[in-house]
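Take a look at the structure below.
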């Protein structure tokens, strides 16, 4: 596997405009059920890294050398941080727009393609469910800077308690509100995510923050 890509400019883009219902409908594959409720956060579970490894093993088996980067990201990858109990993963392939090169193999392992966003880094998102447990796999092309930002954000929160607490309290306040879609909750976190990420990549060690092996980190 290759190393996790690093942003060329080490800049954080401004938050995107909140996703509209029309946009969500246009990128969603299959049924799109609204949430119309609060977001349920669970206390950190030390089993989450093992659940990542469980799904990662399936992905590696399915894709072999085509899985160029595979990382545990999102709140479940940060010890001590509460989260929606969904295991977020990021996968880099040679070309995420070439769905035929990886989607059928992942479908054979129980993943279902749910999001296709050609205008946002050719992002694809697949879900896998087993009982009550859900895995969410984000796929980008290997040179996509979004991968490095996701890993940098994770690594920073793992080692900076003040920002971890800031993110925790912000999430808790937002989760207590009622949201039409989970994506609306995610959009509402954009400002605090950008604030923290700017500190992460602007630190003295900025060019080492996302310097992790592409072989997987939990």
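In the numbering used here, the protein residues as written are 95 to 312.
Even glycine gets a Cβ: it sits at the ideal position worked out from N, Cα and C.
Problem - Close beta carbons around residue 292, own chain, < 7 Å, minus the five adjacent residues each side - result: Short of 7 Å from the beta carbon of residue 292, and not among the five residues preceding or following it, lie these beta carbons of its own chain, in chain order: 106.
Exercise for the section: Could you tell me if residue 170 is buried or exposed, where buried requires 16 or more neighbouring beta carbons within 10 angstroms of its beta carbon? Expected result: Label assigned to residue 170: buried.
Practice task
Just mark residue 262 as buried or exposed, buried being the case when its beta carbon has 16 or more other beta carbons within 10 Å.
Solution key: With at least 16 other beta carbons inside 10 angstroms of its own, residue 262 counts as buried.
Problem - residue 204 to residue 188 span [Cα, whole Å] - result: For residue 204 and residue 188, the distance between alpha carbons rounds to 22 Å.
Exercise for the section: Can you grab the Cα-Cα spacing for the pair residue 182 / residue 230, in whole Å? Expected result: Annotation: residue 182 to residue 230 spans about 5 Å, alpha carbon to alpha carbon.
Exercise for the section: Express the C-alpha separation of residue 232 and residue 297 in angstroms, rounding to a whole number. Expected result: Per the coordinates, the alpha-carbon of residue 297 lies some 26 Å from the alpha-carbon of residue 232.
Handout entry: Secondary structure, alpha helix (DSSP H): runs of 4+ residues fully inside the stretch 187–251
Key = Runs found: 197–201.
Handout entry: Of the residues 228, 217 and 244, the one placed nearest residue 235, counting alpha carbons only
Key = Ranking the options by Cα distance to residue 235, first place goes to 217.
Exercise for the section: Determine the burial state of residue 125: buried for a count of at least 16 other Cβ atoms within 10 Å of its Cβ, exposed for fewer. Expected result: Under this definition residue 125 is an exposed residue.
Problem - Burial state of residue 132, where buried means 16 or more other Cβ atoms lie within 10 Å - result: Per the 10 Å Cβ criterion, exposed.
Exercise for the section: Note the first and the last residue of the continuous beta strand (DSSP E) segment covering residue 165. Expected result: For residue 165, the enclosing beta strand (DSSP E) stretches over residues 163–167.
Practice task
Please name the residue, chosen from 173, 161 and 134, that lies closest to residue 143 on a Cα-to-Cα basis.
Solution key: If you compare the alpha carbons of 173, 161 and 134 with that of residue 143, the shortest gap goes to 173.
Exercise for the section: Taking 7 Å as the cut-off, decide whether the C-beta atoms of residue 109 and residue 222 are in contact. Expected result: No. Outside cutoff.
Exercise for the section: Please report how far the alpha carbon of residue 253 lies from the alpha carbon of residue 273, in whole angstroms. Expected result: Going from the Cα of residue 253 to the Cα of residue 273 covers about 31 Å.
Problem - Classification of residue 190 by the beta-carbon crowding that lies within 10 angstroms, buried from 16 upward - result: So residue 190 counts as buried.
Practice task
Would you give the residue range spanned by the alpha helix (DSSP H) that residue 130 belongs to?
Solution key: Here residue 130 belongs to no alpha helix (DSSP H), and DSSP marks it neither H nor E.
Practice task
Could you tell me the boundaries of the alpha helix (DSSP H) in which residue 285 lies?
Solution key: Note, residue 285: alpha helix (DSSP H), 284–296.
Handout entry: Whether residue 294 touches residue 250 by CB criterion (7 Å)
Key = With respect to residue 250, residue 294 sits close: the two C-beta atoms are nearer than 7 Å.
Handout entry: residue 175 in three-state terms, based on DSSP
Key = Coil.
Handout entry: Cβ-based burial, residue 127 [other Cβ within 10 Å; buried from 16]
Key = So residue 127 ends up on the exposed side.
Practice task
Excluding the 5 residues preceding and the 5 following residue 215 in the sequence, name in chain order all residues of the same chain whose CB lies nearer than 7 Å to its CB.
Solution key: Cβ neighbours of residue 215 within its own chain (closer than 7 Å, five residues either side excluded): 234, 238 and 240.
Exercise for the section: Give the single residue among 118, 152 and 192 whose Cα lies nearest to the Cα of residue 200. Expected result: The residue with the shortest Cα to Cα distance from residue 200 is 152.
Exercise for the section: Select from 290, 283, 284 and 277 the residue whose C-alpha is nearest the C-alpha of residue 114. Expected result: The option with the nearest alpha carbon to residue 114 is 277.
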